[in-house]
Amino acid sequence: MWSFLAVFLLLPVWFSYAHQFQQAQPDAWIESLELDKEKENYTLSASISLNLGEEVRNAAEKGVPLYFTINMEVLKPQRLWFDKTELTQQHTWRIQYNALLRQWRISYGEHSIPELSLDDSLQHIINLESWPINDLDQLDPAINYKGRLRLKLDTSLLPRPFQINAFNSSAWSLSTPWKNFTLKVSDIKPSS
Numbered sequence: 011m012w013s014f015l016a017v018f019l020l021l022p023v024w025f026s027y028a029h030q031f032q033q034a035q036p037d038a039w040i041e042s043l044e045l046d047k048e049k050e051n052y053t054l055s056a057s058i059s060l061n062l063g064e065e066v067r068n069a070a071e072k073g074v075p076l077y078f079t080i081n082m083e084v085l086k087p088q089r090l091w092f093d094k095t096e097l098t099q100q101h102t103w104r105i106q107y108n109a110l111l112r113q114w115r116i117s118y119g120e121h122s123i124p125e126l127s128l129d130d131s132l133q134h135i136i137n138l139e140s141w142p143i144n145d146l147d148q149l150d151p152a153i154n155y156k157g158r159l160r161l162k163l164d165t166s167l168l169p170r171p172f173q174i175n176a177f178n179s180s181a182w183s184l185s186t187p188w189k190n191f192t193l194k195v196s197d198i199k200p201s202s
């Protein structure tokens with residue numbers, strides 16, 4: 011009798027946690043990635059699923075810049091200690107709406123491209139093609155390395171007032187889980 015009563019009383023608590031877990035599922039993930047060799051350079055291509063959510067979209071449409079950073083790490087497996095980081099690389103895009111010109115713009119490095127919409131701007135990020143990977147040729151071609159890749163909405167680059175709002179809202183903590191992959195430099199084939 012008491013066990014039935016305990017289950018009956020704890021059931022709403024369990025459903026509450028299950029609902030919170032369901033809401034905590036990522037709105038972004040890396041669907042696929044591929045490493046290629048183009049001439050003497052190594053490149054990475056990835057397909058990413060990304061759902062911004064209404065709060066982030068509304069802020070972007072009011073002119074708040076959005077910064078997306080992709081991070082890649084290559085680790086050398088160690089037998090008795092933590093894996094050694096052999097290579098890290100990151101790339102940041104900025105998407106911003108200019109209300110005066112009614113134009114979206116995506117910027118990365120010294121490059122800037124005008125776009126018609128936020129979704130068109132995001133295509134440059136979620137369909138990542140031929141991102142150059144520096145110093146991959148410096149790795150030992152016989153070793154099986156571990157690699158991992160992730161994309162995140164980088165709130166540390168937002169203007170200060172928005173950093174505070176982003177800190178208090180889960181809508182701004184948008185990040186893919188790390189996508190793990192194995193990497194052997196000698197196995198990367200030239201793209202056709």
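What the sequence shown shows, in my numbering, is residues 11 to 202, in sequence order. Built from N, CA and C at the ideal position, the CB exists for glycine as well. Here the structure is a predicted model, which is why all the values come from computation and not from measurement.
In terms of residues, what are the limits of the alpha helix (DSSP H) holding residue 135?
128-136
Nearest to residue 166 by CA position, among 75, 47, 55, 65, is which residue?
75
Helix, strand or coil, according to DSSP, for residue 169 in the structure here?
coil
Terminal residues of the continuous alpha helix (DSSP H) containing residue 50?
Premise fails: residue 50 is in no alpha helix (DSSP H) and is neither H nor E.
Whether residue 78 touches residue 153 by CB criterion (8 angstroms)
no
How big is the Cα-Cα spacing for residue 72 and residue 109?
8 angstroms
Could you give the uninterrupted runs of the beta strand (DSSP E) lying entirely in the stretch 57-125, keeping only those of 3 residues or more?
76-86, 94-108, 113-118, 121-125
Within 8 angstroms of any Cβ in chain C, is that where the Cβ of residue 54 sits?
Protein chain content of the structure displayed is limited to a single chain, and chain C is not contained in it.
Proximity winner among 46, 113, 51, relative to residue 148 (alpha-carbon distances):
51
May I ask you to report which of helix, strand or coil DSSP gives residue 159?
strand
Suppose you measure from the CA of residue 169 to the CA of residue 104; what does that come to, to the nearest Å?
13 angstroms
Taking all protein chains shown into account, do 16 or more other C-beta atoms lie within 10 angstroms of the C-beta of residue 182, making it buried, or fewer, making it exposed?
buried
Reference residue 141, options 201, 40, 42, 56, closest by Cα
56
At which residues does the beta strand (DSSP E) containing residue 192 begin and terminate?
189-193
Residue 180 - DSSP class collapsed to helix/strand/coil
helix
In three-state terms, what does DSSP make of residue 42?
strand
Skipping 5 residues on each side, what residues in its chain have a beta carbon closer than 6 angstroms to that of residue 139?
55
So what does DSSP say about residue 140, is it helix, strand or coil?
strand
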